[in-house]
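Peer 1: Below: one structure in structure tokens.
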Amino acid sequence: MPPNRLFSVEELSACDLIIDAHYAGSRNGNSSDDPLTKLLSVSNQGGFRIRGKRNDPRMIVLLSSMADLDWPDEIDLSTGTFIYYGDNKKPGRKLDETNRYGNNLLELIFKRHHSGERYLVPPILIFTKAGAYRDVIFRGLAVPGQISSTQNDDLVAVWHASQGQRFQNYKATFTILDIPQISRRWLTDIITKGIAAESSHAPDEWLKWVKTAHYTPLIAKRSQPIRSRAEQLPATKEESKMLSTIHEYFKTDPYAFEACAAHLVRICLPDTVELDLTRRYRDGGRDGIGKLRIGRAASAVLVDFAIEAKCYATSNSVGVREVSRLISRLRHRQFGVIITTSWLHDQAYKEIVEDGHPVMIISGKDVVDLIKQAGMKDSGSITHWLKLSFPLG
1 MPPNRLFSVE
11 ELSACDLIID
21 AHYAGSRNGN
31 SSDDPLTKLL
41 SVSNQGGFRI
51 RGKRNDPRMI
61 VLLSSMADLD
71 WPDEIDLSTG
81 TFIYYGDNKK
91 PGRKLDETNR
101 YGNNLLELIF
111 KRHHSGERYL
121 VPPILIFTKA
131 GAYRDVIFRG
141 LAVPGQISST
151 QNDDLVAVWH
161 ASQGQRFQNY
171 KATFTILDIP
181 QISRRWLTDI
191 ITKGIAAESS
201 HAPDEWLKWV
211 KTAHYTPLIA
221 KRSQPIRSRA
231 EQLPATKEES
241 KMLSTIHEYF
251 KTDPYAFEAC
261 AAHLVRICLP
271 DTVELDLTRR
281 YRDGGRDGIG
291 KLRIGRAASA
301 VLVDFAIEAK
311 CYATSNSVGV
321 REVSRLISRL
331 RHRQFGVIIT
341 TSWLHDQAYK
351 EIVEDGHPVM
361 IISGKDVVDL
371 IKQAGMKDSG
381 SITHWLKLSF
391 PLG
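Following this line, the structure appears as structure tokens:
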């Protein structure tokens, strides 16, 4: 696979923006290294950068590290959706009283979107940190909301707790449009003239949204990779400790893990309408049987699925035998879910992917992600939750 296009610091002031291209900054070791200043004439600090005035921005740049465990920004490549959290990330302030006014910007652009004043919504450029110095990667041109969202759910205030204090932050949903390249001529019109929709160089798909509210998301064809052991397990010590906490709690009674696994599957598949656990020792290759609702309630289709839960230490993988056991029990038009505190052996993983079996894999890393989604941030909170929710006899 060829490397992403790399633009040097000398090219920044004149280059186009290309999806997934790498934009390098200087190497002075301070904030002057930030490439966005030379690239787009914005400030060199913070996740929110603007051209124009705070109450009338002409362009907004959103920068994410994609590495904040408490506020996990997310790009869904298969739907073109971008989830971005606001800048009220510590207790002690009101939702809209942040130092860089990021949450005020979110309120402004979503208010304009909801009121039909899309022509007043400035271009929103999404970047993520590249992981080297202050270099960035361009992720796309975004607009507020998505095809299925409403004004009730595209910008929501979510609660968070830190050091015993509760506070709110915004969770914003954007759509990255199917625009592979942003021309420098349009960027120049925005930066020097303050015009975007009026520019003759504005991208067609962005103008279509401005005029009609029609979304054309950038959708990448999904391929199912065969994840390595490292990719299936947590990457940090704290997350590994969280996973170990779950295994240690259930290791004397692995069957008790099935109830916890069923709960995590419900978090992963929130439209599950039925989920029943099978009896111990008589599960027939399935630890649980459920129904997933697809579509709206009145005309929904229910799809059956089966769960196989394995409470293993990370030194022990789920192998071909366990996978084959689940696959052999799947009936026509059913899918399976394997959930484990460990990982799938590469041969078992290959059997699922290469043979096209309808089996979803929730490995140790995924378990930790679901636990965090449910509000647990460390091993202590997990232990407390396990004792309350799944007491052992």
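For the record, in the sequence shown the residue sitting at position 324 is 324 according to UniProt numbering, with numbers rising by one throughout. Glycine is no exception: its CB is placed at the ideal position from the N, C-alpha and C atoms.
1) Contact between the stretch 366 to 380 and the stretch 237 to 248: three or more CB pairs below 8 Å?
2) With a cut-off of 8 Å on the beta carbons, I'd call serine 26 and valine 42 a contact; round off their distance for me.
3) Is the stretch 128 to 138 touching the stretch 15 to 26, taking contact as three or more C-beta pairs under 8 Å?
4) Express the C-alpha separation of isoleucine 124 and leucine 39 in angstroms, rounding to a whole number.
5) So, using beta-carbon positions, are isoleucine 226 and valine 61 closer together than 8 Å?
6) Kindly indicate the opening and closing residues of the alpha helix (DSSP H) around tryptophan 385.
7) Straight-line CA distance for isoleucine 307 to proline 234?
8) Using only the alpha-carbon positions, how far apart do threonine 212 and histidine 357 sit?
9) In angstroms, rounded to a whole number, what distance separates the CA positions of aspartate 378 and lysine 365?
10) Since isoleucine 362 and valine 337 should fall inside the 8 Å C-beta cutoff, what is the C-beta to C-beta distance between them, to a whole number of angstroms?
11) Rank Tyr170, Leu141, Arg266 by C-alpha distance to the C-alpha of leucine 106 and give the top, closest one.
12) Considering only residues of the same chain and omitting the five flanking positions on each side of isoleucine 83, which have a CB-CB separation below 7 Å?
13) Alpha carbon to alpha carbon, how far is valine 320 from alanine 348?
14) Taking the alpha helix (DSSP H) that isoleucine 64 belongs to, which residues open and close that run?
15) Express the C-alpha separation of glycine 290 and glutamate 231 in angstroms, rounding to a whole number.
16) Which of the three DSSP states is assigned to methionine 376 in this structure?
17) Under 8 Å by Cβ, that's how I've got tryptophan 159 and glutamine 168 pegged, so tell me the actual separation to the nearest angstrom.
18) Taking asparagine 88 as the reference, give the member of Glu11, Pro35, Phe305, Thr98 with the closest Cα.
19) Tell me the DSSP secondary structure of serine 244 in three-state form.
20) What is the DSSP secondary structure of histidine 22, reduced to helix, strand or coil?
21) In the DSSP assignment, find the beta strand (DSSP E) that holds aspartate 204 and state where it starts and stops.
22) May I ask you to list the residues that DSSP assigns as paired with lysine 53?
23) Using a Cβ-Cβ cutoff of less than 8 Å, which residues in the same chain neighbour glycine 52 once the five nearest sequence positions on both sides are dropped?
24) Leaving out five residues before and five after lysine 90 in sequence, what residues of the same chain have Cβ atoms less than 8 Å from its Cβ?
25) Give the DSSP bridge partners of valine 158, in chain order.
26) Quick check on threonine 314: does DSSP put it in helix, strand or coil?
27) So is methionine 66 buried or exposed if we call it buried at 16+ other beta carbons inside 10 Å?
28) Once you ignore the five residues that flank isoleucine 179 on each side, which residues in its own chain have a CB closer than 6 Å to its CB?
Peer 2: To lay it out plainly:
1) yes
2) In fact, because the Cβ distance is near 16 Å, the residues do not count as touching under 8 Å.
3) yes
4) 14 Å
5) no
6) 379 to 389
7) 22 Å
8) 41 Å
9) 14 Å
10) 7 Å
11) Tyr170
12) Asp73, Glu74, Lys171, Thr173
13) 4 Å
14) Residue 64 is actually serine in this sequence, not isoleucine. First-last for serine 64: 56 to 64, but that is the beta strand (DSSP E), not the alpha helix (DSSP H).
15) 28 Å
16) coil
17) 6 Å
18) Thr98
19) helix
20) strand
21) Here aspartate 204 belongs to no beta strand (DSSP E); instead the alpha helix (DSSP H) covers 204 to 212.
22) Asp56
23) Arg58, Met59, Pro122, Gly194
24) Ser162, Phe167
25) Asn169
26) coil
27) exposed
28) Leu141, Pro203, Glu205
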